[in-house]
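J.: Next up is a structure, given as structure tokens.
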Ligand code: E4P
């Protein structure tokens, strides 16, 4: 499973890219707004840091507007993925952008049926929102697992981005049930590096070494 970072914060992206663990970036209108910066400027900066898929989301609600915006987003950089909301109009736009050879990420997916529709329209990625499902006491990981089984059964090329990840368990479970990608917020990625036994182990190794050989 590949790791993407789910943020528009370029410092956080730079830090994780520097560690060599991320192969893509997802943004959404909320994440862009949080940075308070111009969309184009932020996306260009992200593209200069990470050489991998970068999702930029359309804000139109009509298919024609989504397609127009999607074409513009695709022109920003060769790695751009047009993120489209999972609606009837979104699926129509996905079909058209696919026809034009533009890659898409159908977002706000909460069910197998939505993933089936997105894949049928030719989406490059679908993004089931695990955290938001689990916030409402649904089993988000089961949805990811079911989508994976369905894609495998019918030979869809569409990749699953396990999104809206809030916990370590949601991240590891995404990997275990076969998500192709997990897009993970900075804080969750940071935490994934750590384990109390790793910390204790390093301290014990250092102590034993120093007792015998000095500092
Ligand atoms: C997906 O690409 C979205 O940007 C993101 O994962 C949404 O996460 P949230 O539910 O924490 O807003």
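Residue numbers (my numbering): 2 to 216.
We put the CB at the ideal spot given by N, CA and C, even for glycine.
Is the beta carbon of residue 120 closer than 8 Å to that of residue 88?
T.: Taking the chain shown and counting its residues from 1, the one referred to as residue 88 is at position 87. Taking the chain shown and counting its residues from 1, the one referred to as residue 120 is at position 119. Not in contact: residue 88 and residue 120 (Cβ atoms no closer than 8 Å).
J.: If we call anything under 8 Å between Cβ atoms a contact, is residue 144 one with residue 127?
T.: The residue given as residue 144 occupies position 143 in the chain shown. The residue given as residue 127 occupies position 126 in the chain shown. No, Cβ-Cβ distance for residue 144 and residue 127 is not below 8 Å.
J.: Just reading off the beta strand (DSSP E) that residue 128 is part of, what are its end residues?
T.: On the chain shown, residue 128 is found 127 positions in, with the first residue counted as 1. Where residue 128 is concerned, the enclosing beta strand (DSSP E) stretches over 126 to 129.
J.: So, under 8 Å CB-CB, residue 2 and residue 180 are touching, yes? Tell me the CB distance rounded to an integer number of Å.
T.: Mapped onto the chain shown, residue 2 falls at position 1. Mapped onto the chain shown, residue 180 falls at position 179. Right, their Cβ atoms sit about 6 Å apart.
J.: Enumerate in chain order the residues of its own chain whose CB-to-CB distance from residue 216 is below 8 Å, with the five nearest sequence positions on each side excluded.
T.: Against the chain shown, residue 216 aligns to sequence position 215. Cβ neighbours of residue 216 beyond the five flanking positions: none.
J.: Do you know offhand how far residue 28's Cα is from residue 9's?
T.: Here residue 28 corresponds to residue number 27 of the chain shown, with the count starting at 1. Here residue 9 corresponds to residue number 8 of the chain shown, with the count starting at 1. One C-alpha to the other measures close to 6 Å.
J.: May I ask you to check if the CB of residue 100 is nearer than 7 Å to at least one heavy atom of ligand 1?
T.: Counting from 1 along the chain shown, the entry for residue 100 is found at position 99. For ligand 1, not one heavy atom lies less than 7 Å from the Cβ of residue 100.
J.: Are residue 124 and residue 168 close, meaning C-beta to C-beta below 8 Å?
T.: What you label residue 124 is simply residue 123 of the chain shown in a count that begins at 1. What you label residue 168 is simply residue 167 of the chain shown in a count that begins at 1. The answer is no: Cβ separation not under 8 Å.
J.: Is the stretch 63 to 71 touching the stretch 27 to 47, taking contact as three or more C-beta pairs under 8 Å?
T.: With the cut-off at 8 Å, the stretch 63 to 71 and the stretch 27 to 47 do not touch.
J.: Quick check on residue 58: buried or exposed, where buried means 16 or more other Cβ atoms within 10 Å of its Cβ?
T.: Reading the chain shown from its first residue, position 57 is the one you call residue 58. Burial call: buried.
J.: Restricting to Cα atoms, I'd like to know which of 45, 56, 33, 35 is closest to residue 24.
T.: The sequence position of residue 24 within the chain shown is 23, counting from 1. Cα-wise, what sits closest to residue 24 is 56.
J.: Do residue 83 and residue 51 have their C-beta atoms within less than 8 Å of each other?
T.: On the chain shown, residue 83 is found 82 positions in, with the first residue counted as 1. On the chain shown, residue 51 is found 50 positions in, with the first residue counted as 1. For residue 83 and residue 51, no; Cβs fall outside 8 Å.
J.: Residues in its own chain within less than 7 Å of residue 62 by CB, not counting five upstream and five downstream?
T.: Mapped onto the chain shown, residue 62 falls at position 61. Result list for residue 62: 90, in chain order.
J.: When you compare only the Cα positions, how much space is there between residue 5 and residue 166?
T.: Within the chain shown, residue 5 is the residue found at index 4, counting from 1. Within the chain shown, residue 166 is the residue found at index 165, counting from 1. Straight-line Cα distance between these residues: approximately 11 Å.
J.: Please confirm whether any heavy atom of ligand 1 lies closer than 7 Å to the CB of residue 174.
T.: What you label residue 174 is simply residue 173 of the chain shown in a count that begins at 1. For ligand 1, not one heavy atom lies less than 7 Å from the Cβ of residue 174.
J.: Apply the 10 Å Cβ neighbour rule to residue 149 and answer buried if 16 or more other Cβ atoms are within range, or exposed otherwise.
T.: As a position in the chain shown, residue 149 is number 148, starting the count at 1. Result: buried.
J.: For a quick check, are the C-beta atoms of residue 142 and residue 185 less than 8 Å apart?
T.: Locating residue 142 in the chain shown gives position 141, where the first residue counts as 1. Locating residue 185 in the chain shown gives position 184, where the first residue counts as 1. It is not a contact, given that the beta carbons lie outside the stated cut-off.
J.: Just to confirm, does residue 124 get its C-beta within under 7 Å of one of the non-hydrogen atoms of ligand 1?
T.: On the chain shown, position 123 is the one that residue 124 refers to. No, since every heavy atom of ligand 1 falls outside the 7 Å radius drawn around the Cβ of residue 124.
J.: Below 7 Å CB to CB, which residues in the same chain sit around residue 147 once its five sequence neighbours on both sides are set aside?
T.: Numbered from 1 along the chain shown, position 146 holds the residue referred to as residue 147. The residues are 113.
J.: Less than 8 Å between C-beta atoms, sequence neighbours within five positions excluded: which residues of the same chain meet that for residue 152?
T.: On the chain shown, position 151 is the one that residue 152 refers to. Result list for residue 152: 116, 120, 159, 161, in chain order.
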